[in-house]
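So the structure is just underneath, and the comments pick up after that.
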Amino acid sequence: MANGILIVDDAAFMRMMIKDVLTKNGMEVVGEAENGAIAVEKFKELNPELTIMDITMPEMDGIEAVKTIKGIDPNAKIIMCSAMGQQSMVIEAIQAGAKDFIVKPFQAERVLEAVKKVIG
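Residues in the sequence shown are numbered from 971 upward in steps of one, following my numbering.
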């Protein structure tokens, strides 16, 4: 894996859970961010191969962060992650440029499936 994965979620335990699933499956996590604003800065700094992004966060939400990151790098690969029942946000995230979507609470297999689908 070229530049690894950036995990963005305002909940530290969610970042830890996602990181755990990825690292146990031989993937490298290069950074973490707790909101969209920090995610944009980390994206510029780390140039990750993939970003896994929560939607609902303080300061800058995931959808705004996706739009900003896509403005920096139109080829950025982003998977959104959010709780049940946010279908309208899912559609907005995909329209903003997200490649896939994981619903919380997630299964490890679903996270891996999405990652493999997006980065091959």
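Idealized CB from N, CA, C, for every residue including glycine.
Close beta carbons around residue 971, own chain, < 7 Å, minus the five adjacent residues each side | Unreliable positioning characterises residue 971 in this predicted model, as indicated by a pLDDT of 41, which lies under 50. The coordinate reading is nonetheless provided below. So the list reads 997, 998 and 1019, once near-sequence residues are dropped.
Are residue 1001 and residue 1016 touching if we call contact CB-CB under 9 Å?
-> yes
CB residue 1059 to CB residue 1025, shorter than 9 Å?
-> yes
Answer yes or no: do residue 1088 and residue 1049 have a C-beta to C-beta separation smaller than 9 Å?
-> yes
Can you tell me whether residue 1006 is buried or exposed, with buried defined as 16 or more other CB within 10 angstroms of its CB?
-> buried
DSSP-derived helix/strand/coil call for residue 987 = helix
Distance, Cα to Cα, residue 975 vs residue 1061?
-> 23 Å
List the whole-angstrom C-beta distance separating residue 1053 from residue 1074, where the pair is believed to meet the contact cut-off of C-beta under 8 Å.
-> 5 Å
Does DSSP classify residue 971 as helix, strand or coil?
-> Its pLDDT being 41, under 50, residue 971 is placed unreliably in this model, and the coordinates cannot settle the point.
By DSSP, does residue 1083 sit in helix, in strand, or in coil?
-> helix
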